[in-house]
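Residue numbers (the working numbering): 107 to 204.
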């Protein structure tokens, strides 16, 4: 599993009001903070600033969405919701229990 968080990485929130949910990294601010979105409570137009210490990398990257974000193309919240749906379902892989 890759521990590097990059644009498009699927991350698990360990702390805060959004703890327990999966999000996609939409922007990297600096070495300590990233912006995350889930397309529902935290939309791409107004992503949540999150400390990297409070996130756990799932090792998955949403390649199609990442390429669009890097290229500056429009990404819809519905695309993010759809891509994260399998992670947020009760039968999602729970290998991130730490």
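Heads up, the beta-carbon is just placed ideally off N, CA and C, and yes, glycines get one too.
With three or more CB-CB distances shorter than 8 Å, the stretch 107 to 123 counts as touching the stretch 148 to 166.
In summary, residue 184 is exposed, with fewer than 16 beta-carbon neighbours lying within 10 Å of its beta-carbon over all protein chains present. Counting only the Cα atoms, residue 142 lies some 6 Å from residue 129. Excluding sequence positions up to five before and after residue 148, its CB lies within less than 8 Å of the CB of 124, 129, 142 and 154, all in the same chain and listed in chain order. Beyond the five residues adjoining it in sequence on each side, residue 157 comes within less than 7 Å, by CB distance, of 138 and 139 in the same chain, given in chain order. Pairing residue 175 with residue 181 gives a Cβ-Cβ distance under 7 Å.
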